[in-house]
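A quick write-up on the structure given underneath.
Chains as they are written, first to last, in the UniProt record's numbering: chain A, 1 to 161; chain B, 1 to 426.
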């Protein structure tokens with residue numbers, strides 16, 4: 001139940017975080033999105049969760065333009081929390097409880113993955129106003145990926161030893 | 001579904017990561033990159049942990065035979081599951097089976113040990129236990145193996161031996177060795193009498209006090225101690241009442257089977273020969289025998305009893321001379337009453353244990369008028385009481401099963417009656 005609530009709240013918070021930057025979503029969009037998030041929470045193993053996440057990305061793209069407010073950090077955390085909660089909820093049937101060790105493992109993993117968020121945010125703020133350089137974003141994401149994978153591998157190798 | 005397949009989580013991470021980056025590049029919106037970056041990383045890590053080999057999953061129960069109310073554990077064996085990080089088990093919910101966890105659904109990290117499911121059958125019979133769905137997840141949950149169905153194992157659930165003990169002697173001991181006092185003299189310990197010495201008598205049996213008083217040698221005679229044959233007749237023609245499993249409400253078949261198991265255990269431990277004859281669809285039977293292995297055979301057959309009509313034909317129990325027949329029945333079938341009456345007339349020691357629960361109600365078929373069914377049930381019970389009265393009038397005792405000491409009084413009376421000469425119908 002907590003996991004499903006996290007899916008619902010995480011998606012909704014990710015959408016509403018454009019509000020503090022001065023771009024509150026219209027009520028009808030919030031209402032429709034809440035319904036979608038509720039369905040995503042009910043069936044976390046379905047593509048509805050990905051659909052709701054895509055809607056969040058589109059709304060952020062449409063509403064903000066080239067702005068990089070601090071609230072995007074909260075939105076990123078909420079989106080990742082919703083994703084991890086949906087993943088844990090889809091580990092088994094509805095009534096199956098998820099053990100504490102698994103939750104802690106995924107909390108650590110989510111924390112590790114979220115390390116990319118402040119880096120991306122700082123890079124976005126630093127590069128804002130620079131001439132169009134699409135390649136730099138791809139390069140940045142690739143570097144973040146490699147760094148995270150290397151970090152994960154290092155952690156797992158050390159655990160195995 | 002077998003083989004490793006991408007999970008919805010991997011699909012979600014790929015879609016959000018790829019679409020987010022593409023959206024940022026196309027629309028020139030850096031905020032979306034911040035949102036998409038964790039998903040790009042997640043997707044990459046999930047793909048890095050792509051599985052390379054298929055695991056083999058095997059589920060086993062610790063026991064294949066156990067008594068109702070006792071428990072066993074269903075364990076999962078994973079072979080070649082190095083890629084698996086998390087295992088999910090979802091067991092079925094067969095009737096009369098308790099599980100821990102309650103709903104049979106459990107998951108856990110493979111590194112912490114594959115979680116086990118505890119299973120406890122609550123009613124005797126042959127049951128298929130341990131059927132379940134199993135799924136495995138890779139590290140970072142990018143791929144899932146299954147869910148695959150693992151078939152259960154047939155388990156013999158033996159009836160609990162209801163608390164039962166009896167101090168009564170059996171009516172007609174007629175065998176070799178046992179603990180029942182026989183009518184004939186032999187090398188027992190129970191005093192039968194004192195008679196003049198005859199050639200062949202053992203010297204240690206001479207009673208010197210009587211010999212000195214009378215002037216002639218006298219010896220002490222004792223009663224032989226013999227075993228007896230006990231034939232258990234189980235009426236499995238129908239099951240009346242509702243069964244709640246062990247510890248719950250008992251149906252007529254529950255009472256019958258558990259009582260039969262208890263009486264069999266008591267007599268086998270006393271050294272008697274016990275046979276079983278089931279009157280029902282399966283017509284299960286076990287010949288006379290003694291010992292722990294024979295008791296186990298009887299319990300196995302009781303666990304396999306199939307309820308239903310026995311088919312056409314006259315009921316023959318194959319009663320041998322000297323055997324005590326214990327009929328365990330709700331006494332609602334005419335054939336059982338008839339066979340008990342005819343055996344009693346033949347001079348066989350017959351004892352009927354009434355196993356109809358006091359609160360038994362008929363199972364009303366769908367669409368049937370409940371009032372009509374209730375009337376039919378009342379009529380049937382009236383007929384039953386008439387049959388029981390007639391049996392009692394013939395000298396066949398009928399007792400309701402109530403655990404320890406149920407048969408003591410009637411066994412004592414049957415034993416006393418067996419000492420008296422009587423006319424029997426052949």
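Glycine is no exception: its CB is placed at the ideal position from the N, C-alpha and C atoms.
Under the DSSP assignment, residue 121(A) falls in the alpha helix (DSSP H) whose first and last residues are 116 to 127.
The Cβ neighbour count for residue 53(B), taken over all protein chains shown within 10 Å, is under 16; the residue is labelled exposed. With respect to chain A, the C-beta atom of residue 90(B) has a partner C-beta closer than 8 Å. Three or more beta-carbon pairs drawn from the stretch 75 to 87 of chain A and the stretch 6 to 19 of chain A are found closer than 8 Å, and the two stretches are therefore classed as touching. Counting only runs of 3+ residues, the beta strand (DSSP E) found wholly inside the stretch 63 to 88 of chain B occupies 65 to 67, 72 to 79, in chain order.
Listed in chain order, the non-local C-beta contacts of residue 88(A) below 8 Å within the same chain comprise 3, 98, 102, 103, 106, local neighbours out to five positions each way being set aside. Within the same chain, and ignoring the five residues on either side of residue 376(B) in sequence, the residues whose Cβ sits closer than 8 Å to its Cβ are 362.
Taking every protein chain shown into account, the CB of residue 82(B) has fewer than 16 other CB atoms within 10 angstroms, so this residue is exposed. Within chain A, the residues placing a beta-carbon under 8 Å from that of residue 108(B) are 99, 101, 102, ordered along the chain. In the structure shown, the three-state DSSP call for residue 46(A) is coil.
Per the coordinates, the alpha-carbon of residue 69(A) lies some 13 Å from the alpha-carbon of residue 24(A). From the beta-carbon of residue 83(A), the residues of chain B found nearer than 9 Å are 9, 12, 13, 16, 38, 39, 42. For residue 307(B), the secondary structure class from DSSP, reduced to helix, strand or coil, is coil. Runs of beta strand (DSSP E) with 3 or more residues, each lying fully within the stretch 217 to 290 of chain B, are found at 218 to 226, 229 to 236, 273 to 280, 285 to 289, listed in chain order.
Counted as a single uninterrupted DSSP element, the stretch harbouring residue 97(A) is not any beta strand (DSSP E), since DSSP gives it neither H nor E.
For residue 112(B), the chain A residues whose C-beta falls within less than 7 Å of its own C-beta are 101, listed in chain order.
When DSSP states are grouped into helix, strand and coil, residue 111(A) belongs to the helix group. Shown here, residue 82(A) sits in a helix according to DSSP, grouped into three states. Under the DSSP assignment, residue 4(B) falls in the beta strand (DSSP E) whose first and last residues are 4 to 6. Between the alpha carbons of residue 255(B) and residue 113(B) lies a distance of about 41 Å. Contact of residue 78(B) with chain A is not assigned, every C-beta pair being separated by 8 Å or more. Residue 88(B) and residue 134(B) do touch by the CB rule: their CB atoms are close to 7 Å apart, below 8 Å.
Contact with chain A is found for residue 103(B), since one of that chain's Cβ atoms lies less than 8 Å from the residue's Cβ. Between residue 26(A) and chain B, the shortest Cβ-Cβ separation is not below 8 Å. According to the DSSP secondary-structure assignment, residue 99(B) is paired through a beta bridge with 119(B). Of all C-beta pairs linking the stretch 298 to 314 of chain B to the stretch 279 to 288 of chain B, three or more are shorter than 8 Å, placing the two stretches in contact.
Assignment of residue 8(A) by DSSP, reduced to helix, strand and coil, places it in the helix class.
Within the stretch 135 to 159 of chain B, 135, 137, 139, 140, 141 place their CB atoms closer than 8 Å to a CB of chain A, listed in sequence order. Under DSSP, residue 354(B) shares a beta bridge with 329(B), 400(B).
The shortest CA-to-CA distance from residue 123(B) to any of 215(B), 200(B), 71(B) is the one to 71(B). Listed as beta-bridge partners of residue 154(B) by DSSP are 128(B). Residue 109(B) is bridged by DSSP to 86(B).
Taking residue 29(B) as reference, the option from 114(A), 33(A), 57(A) with the minimal CA-CA separation is 57(A).
Remark: C-beta atoms of residue 39(B) and residue 11(B) do not approach each other more closely than 8 Å. Exclusion of the five residues before and after residue 32(B) leaves 20, 23, 24 as the residues of its chain whose Cβ lies within less than 7 Å of its Cβ. In this structure the stretch 125 to 132 of chain B does not lie against the stretch 258 to 271 of chain B, because fewer than three pairs of beta carbons, one per stretch, are closer than 8 Å.
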